[in-house]
Amino acid sequence: MVKTNKLTIREWDASDRPREKYLSKGKNALSNAELLAILFRNGTAQESALDLSKRLLTSANNSLNQLANFTVEELLKIKGIGNAKAITVLAAFELGRRRRSEKIEEQKKIKYTEDVIELMQHQLADLKYEEFWVIFVNQSSTIIKMEKIGKGGITSTTVDIRLIMKSALECFATGIILCHNHPSGAVKPSQADIQLTNTIKQASTILNISLIDHVIMSNEKYYSFFSEGLI
Numbered sequence: 001m002v003k004t005n006k007l008t009i010r011e012w013d014a015s016d017r018p019r020e021k022y023l024s025k026g027k028n029a030l031s032n033a034e035l036l037a038i039l040f041r042n043g044t045a046q047e048s049a050l051d052l053s054k055r056l057l058t059s060a061n062n063s064l065n066q067l068a069n070f071t072v073e074e075l076l077k078i079k080g081i082g083n084a085k086a087i088t089v090l091a092a093f094e095l096g097r098r099r100r101s102e103k104i105e106e107q108k109k110i111k112y113t114e115d116v117i118e119l120m121q122h123q124l125a126d127l128k129y130e131e132f133w134v135i136f137v138n139q140s141s142t143i144i145k146m147e148k149i150g151k152g153g154i155t156s157t158t159v160d161i162r163l164i165m166k167s168a169l170e171c172f173a174t175g176i177i178l179c180h181n182h183p184s185g186a187v188k189p190s191q192a193d194i195q196l197t198n199t200i201k202q203a204s205t206i207l208n209i210s211l212i213d214h215v216i217m218s219n220e221k222y223y224s225f226f227s228e229g230l231i
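All letters in the sequence shown, in the order written, are residues 1 to 231 by this note's numbering.
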C-alpha cells in the first residue's frame, strides 16, 4: 500500500495559509472553505482544516444558507466534526444573523408589510420549526425592539399573550406587529392563528396599544392580516 503524505496547513507556503492570506490579501481573497478553515483552526489526522471545510461545504451543496440551518446533531454526523467545531460554525452564523438584524433594525420605520418581510426574513427564513416574534414600535412607527415570544414545533408554537403586553408596556410601545413562520410553506392562517390574533387584538385594545398587523411567512410567500382586512 502506497502512503501519501499530505502537508498540514502549517507546512504550506505562508501565502497559501488562510490566516496569513487574510492578513496579506484581505478577507475578499479567501474562499468560503478558507474562512471555515480559520474557524476550525485545525483538521484531523487524515485531512487538513481546509480539506475538512471543503467536505463540509459539499455536504451542504456548497450553500452557506443550507449550512447555516444545520443543527449541531446534523454537523456531528460529518466525520471530523466534533462539538467544538459544530458549535463554532453555528455561532459564527448566528453572529452574522444578529448583525444583519441590528443593521436593519437601526432607525427602521415600518410603513408597509414589505418592511416587515425585509426585517424578519433573516430571522425566519429556512427554519424547520415555528417561531413567533413581536415588533414593538412607537407613535412614529419606528422600531423600539424585536422580541421572540415563542418557539415551537413544525406546525405550532405556544404564545403567552401576557408576555407580549408586558413587553409592550415596559418599552412604552404604542403599536405591535406580530410575525411568525409556517415551515410547511403554506401561509394561509389556521383557525388557531385567527383566534390568537383576535385575542391579542382585544388585549392590546384595552391597553390602548394598536395591533398593526400579523404577518405569516414562508420562504417564498407571506400573508398579511392587515392587507386581507382581518385587522
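From the three backbone atoms N, C-alpha and C, an ideal C-beta is built for every residue, glycine too.
Check                                                                                             : Outcome
The region 133-143 touching the region 190-199, judged by at least three CB pairs closer than 8 Å : no
Inter-residue Cα distance where the pair is Ser-63 and Ala-45                                     : 26 Å
Selected residue, minimal CA-CA separation from Ala-68, among Leu-90, Glu-47 and Asn-61           : Leu-90
Simplified DSSP assignment, three categories, for Lys-188                                         : coil
Which listed residue (Ala-49, Phe-70 and Leu-50) has its alpha carbon closest to that of Ser-59   : Phe-70
With 16 other Cβ atoms within 10 Å as the buried cut-off, status of Lys-85                        : buried
Cβ-Cβ separation, Ala-49 to Ala-37 (assumed contact under 8 Å), whole Å                           : 4 Å
Leu-56 to Asp-126 span [Cα, whole Å]                                                              : 19 Å
Pair within 7 Å by beta-carbon distance, Ile-164 and Ile-177                                      : no
Buried/exposed call for Ser-224, threshold 16 Cβ in 10 Å                                          : buried
Whole-angstrom distance between Ser-227 and Glu-94, CA atom to CA atom                            : 32 Å
CB contact flag (Pro-183, Lys-128, <7 Å)                                                          : yes
Rounded straight-line distance, which links the Cα of Val-215 to that of Val-116                  : 8 Å
8 Å Cβ shell around Asn-138 - same chain, five flanking residues per side excluded                : Ile-144, Phe-172, Ala-173, Thr-174 and Gly-175
Spatially closest choice to Leu-196 from Ser-31, Thr-158, Leu-207 and Asn-65, by CA coordinates   : Thr-158
Contact under 7 Å by Cβ, Leu-235 with Met-217                                                     : Nothing can be reported for residue 235, as the shown portion of the chain is limited to 1 through 231.
Assigned exposure category for Glu-131 - 16 Cβ within 10 Å defines buried                         : buried
Nearest-angstrom Cα separation, counted from Glu-170 out to Cys-179                               : 20 Å
Within the region 142-221, ranges of the beta strand (DSSP E) (whole runs, at least 3 residues)   : 143-151, 175-181 and 210-217
Paired residues, beta bridge with Ser-224 - DSSP                                                  : Val-215
Ile-200 vs Ile-231 beta-carbon contact at 7 Å                                                     : no
With 16 other Cβ atoms within 10 Å as the buried cut-off, status of Ala-33                        : buried
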